[in-house]
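Here is the structure we will look at, set down as structure tokens.
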Amino acid sequence: MDGAAAANAARQEVLDELKVALGDAVVGEQVHAGDVWIRVRRDDWRRAAEACKTAGFDYFDFLSGLDWMPSAPNPEDAETLSVEPEAEADEAPDAEGAAEGEAEHEAEPQPSEAGTVAAFETAAGEPAEGWQTGVAGGDTRFQVFARFHSPRRKLGVTVKADLDDESPAVATIHDIYFGAEWHERETWEMYGFVFEGHPDLRHIYLPGEFEGFPLRKDFPLLAREVKPWPGIVDVEDLPAAEEARQDAAINAAQENSAAQEGSEGGA
Amino acid sequence: MAVTEQQRRAYVASQAADARVNVELQTEDMTLNIGPQHPATHGTLRVVARLDGEQVVWADVVCGYMHRGYEKLTEVRTYPQVTTLINRIDWLSSFANEVPFILAAEKLMEIEAPPRAQYIRTILFELARIANITLFIGTMGADLGAITPVFYAFRDRERILNQIEAVTGGRFHPNFDRIGGLKDDLPRGWIDETKSAMVRVREFCDELEELLMGNEIFQARTRGIGVIPAEVGLSYGLSGANIRASGIDWDLRRDQDLALAWKDLDWKVWTHPDGDSFARFWVRLQETREASKMVDQMLDGLPAGSIQAKVPRIIKVPAGEAWVHTENPLGEMGYYIVSQGGLGPFRCKIRSASFNNVSVLPWVLRGTYVPDIITILASLYFILGDIDR
């Protein structure tokens, strides 16, 4: 416990140090579960990177983006589906004389698609009510985040910044952390964030003529639109009785093995 | 058999003479395209180099020929299903890919695997490292024109793969790590077999140390080639043996508190001050030997008990964000998981080692000679799947 407390103290120290360096640029912060997060104003993104480098975080982990728009295949869909498979099956029972299982698959995407459209419409303006944004908060749909590590201090810090919904753009940090050059190209390609001052913002993974920003939540995963992910049925709830029976079996097996090991250890 | 000062000076003088001739002759630049299909790239990586005579004046790396979009795909899968994908990032040490992801999910769920599971995880992790780096030791020789070591490497890697297969059922893609523990316990007789395999690994390292590292041609082709200073390496995010070969004493197995067995073991982090291709090879060779000793220690101290913590039947990870990184064979590999309380990750940023390790190439290739491109590519050691994800 002492070790964990000392580690947390070290993290708090890092946070305090960065807050002194950045002043009112810091709009959100958190130290928890053995990690440090700091959220800065968009205009101070570069300054934050410089401050991190000065504070000894000279190792570049990664830079990437976040899109807080609720995603289409969210867990609620799976839950509703697993609760009411019969109702779904009723709608398409004789379609092609399909087996009941397949009918379930085909019926699955409807509620999630409806969800997507609704979510997207509300996304035009400010983030809708009920959007979850992550640790250290967030006020907009898009965030850029990066992580820097210090091999000497043996800890790292995650820096975030909110970006504009309509035209997400932020200053480049590729001349502070050289590794950011490729990561910024990837983030631009995947999220459409413009890194002002980047010398060579072109595709890195995708072909040059690719359109759209694939990691945005409103970019459809075409393979799943055509054929829903069959793996989703694996997570259906079992009937309560069956689940209790399985749990009991697992418990018995664990106790059994524990008892065996105990006797082996004694021998 | 180090390079003497005289030899070094003669080499520098000859390079300077070459450069002078090039300036005087005003030769036109030539563009050399290596790849995407080229034996030295071990996959589909393309390097475009502009040459002035034999010297590279500018280089660019084109990747993405094998991009599979794993970050998007994780968003439509449940946590247990994701391990199938991430097995295929660095396919030579697949089990090591699974561990940080599972640890990140466990961190959010606030559970910890039982000690026996932690030990078996670490053993398989180190076996994956040995299997991976053994192949590096062989192919580095092959890329420099020494054909024999690669056969030795494949021969001895086979033993490690057999051991991995005996536990997990998969030679390349074990898919064996579970949230809260492991799929299965070790089979009967496995510990003794693994110990004899570890003896063989150390013999292999000794053999290659003499056969390859002691070779004069090998030294001449690697010493002083592709020097990466520590601060440049850190800024590019170079990790693993690549940064330890530049003199940075940093190993995530030692420098963080993870629920794995490394903290109980007696071992050493190897570093080399030179930062050249030879240093990178040397560090990896020492690490392979060190890993085999670690496996021995873990097999001796393997705790008894369960291999699975109690987890709900349906894995739901509480909302939050977690970053876990580990020292993988190729360098630092980490997963930044954003969970919103669902069955699968809301966002999973995969930080793979090779992507950053290769991003230094445009910097380090500038000013080198054409044959040295191959040396540097080989010594940085990347796996294509680990670049392209």
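Each protein sequence line maps, in turn, to chains A and B. The numbering of the first sequence is this note's numbering, which starts it at 1267 and goes up by one. The numbering of the second sequence is this note's numbering, which starts it at -17 and goes up by one. C-beta: ideal position from N, C-alpha, C; glycine also.
**Report entry** CB contact flag (M280/B, Y101/B, <7 Å)
**Finding:** yes
Query raised in the report: Does DSSP classify N197/B as helix, strand or coil?
Result: coil
Query raised in the report: Taking C-beta to C-beta, are T427/B and I112/B nearer than 7 Å?
Result: It is not possible to answer for residue 427/B, since the shown part of chain B is limited to -17 through 371.
Query - Cβ neighbour criterion (16 or more within 10 Å) applied to L1488/A - result: exposed
Query raised in the report: On the three-state DSSP scale, how would you describe A95/B?
Result: coil
Query - Cβ-based neighbour list, Y351/B, same chain, cut-off 7 Å, excluding 5 preceding and 5 following - result: E36, Q37
Report task. Would you kindly work out how many angstroms separate the C-alpha atoms of S(-4)/B and R(-10)/B, rounded to a whole number? Result -> 10 Å
**Report entry** Counterpart residues of R329/B in DSSP-defined beta bridges
**Finding:** The partner list for R329/B (beta bridge, DSSP) reads V320/B.
Query raised in the report: Can you name the residues of chain B whose CB is closer than 8 Å to the CB of V1401/A?
Result: Under the 8 Å cutoff, chain B gives G302, E303.
Query raised in the report: Could you give the distance in angstroms between the alpha-carbon of P62/B and the alpha-carbon of G51/B?
Result: 18 Å
Query raised in the report: Thinking C-beta only, is N69/B closer than 7 Å to N144/B?
Result: No, the pair does not count as a contact, with Cβ atoms beyond the cut-off.
Query raised in the report: Is there a Cβ from chain B that is less than 7 Å from the Cβ of S1433/A?
Result: no
**Report entry** Chain-ordered neighbours of I230/B on chain A, where CB pairs are closer than 8 Å
**Finding:** Correct list: P1417.
Report task. Determine, using beta carbons only, whether C330/B and T56/B come nearer to each other than 7 Å. Result -> One thing to note: C330/B has its Cβ within 7 Å of the Cβ of T56/B.
Query raised in the report: Can you tell me whether DSSP reads S1330/A as helix, strand or coil?
Result: strand
Query - Neighbour list for P1480/A in chain B, Cβ cutoff strictly below 8 Å - result: G51, K54
Query raised in the report: For chain B, is any of its Cβ atoms less than 7 Å away from the one on N1340/A?
Result: Low confidence applies here, because N1340/A scores a pLDDT of 44, under 50, leaving its location unreliable; read the following figure in that light. Against chain B, the CB of N1340/A has a partner CB under 7 Å away; the residue lies at that interface.
Query raised in the report: In three-state DSSP terms, what is H1449/A?
Result: helix
Report task. Enumerate in chain order the residues of its own chain whose CB-to-CB distance from P285/B is below 7 Å, with the five nearest sequence positions on each side excluded. Result -> P97, R98, Y101
Requested in this report: Establish whether the CB of F1323/A and some CB of chain B are separated by less than 7 Å.
Outcome: no
Query - Rounded straight-line distance, which links the Cα of V251/B to that of A1272/A - result: If you take the alpha carbons of A1272/A and V251/B, they lie about 24 Å apart.
Requested in this report: Evaluate P131/B with the Cβ neighbour count: other Cβ atoms within 10 Å of its Cβ, from every protein chain shown; 16 or more gives buried, anything less gives exposed.
Outcome: Buried, because 16 or more other Cβ atoms sit within 10 Å of the Cβ of P131/B.
Report task. Check the C-beta distance from V1306/A over to R1277/A and give it rounded, since I have them as a contact under 8 Å. Result -> Not really, about 17 Å apart at Cβ, beyond 8 Å.
Query raised in the report: Can you give the Cα-Cα distance for V81/B and R1312/A, rounded to whole angstroms?
Result: 33 Å
Report task. Return the Cβ separation of A86/B and A110/B in integer angstroms, given the expectation that the two are a contact with Cβ distance under 8 Å. Result -> The pair is not a contact, with the Cβ atoms about 18 Å apart (cut-off 8 Å).
Query raised in the report: Taking only beta-carbon atoms, is L1284/A less than 7 Å away from chain B?
Result: no
Requested in this report: Express the C-alpha separation of G326/B and E1455/A in angstroms, rounding to a whole number.
Outcome: 24 Å
Query raised in the report: Does the Cβ of T1424/A have 16 or more other Cβ atoms within 10 Å, making it buried, or fewer, making it exposed?
Result: buried
Query - Beta-carbon gap between G367/B and W172/B smaller than 7 Å - result: no
Requested in this report: Assign T253/B to one of three DSSP states: helix, strand, or coil.
Outcome: coil
Query - For M180/B, the first and last residue of its enclosing alpha helix (DSSP H) - result: 172 to 190
Query raised in the report: Thinking just about the alpha-carbon of each residue, which of M315/B, L347/B, I129/B, S321/B is nearest to the one in I365/B?
Result: M315/B
Query - Test: G162/B CB closer than 7 Å to a CB of chain A - result: no
Report task. Round the Cβ separation of G300/B and L90/B to the nearest angstrom and send it over; I've been treating them as touching at under 8 Å. Result -> Note on identity: in this sequence residue 300/B is Pro, with Gly being the wrong assignment. P300/B to L90/B, Cβ: 6 Å. Contact.
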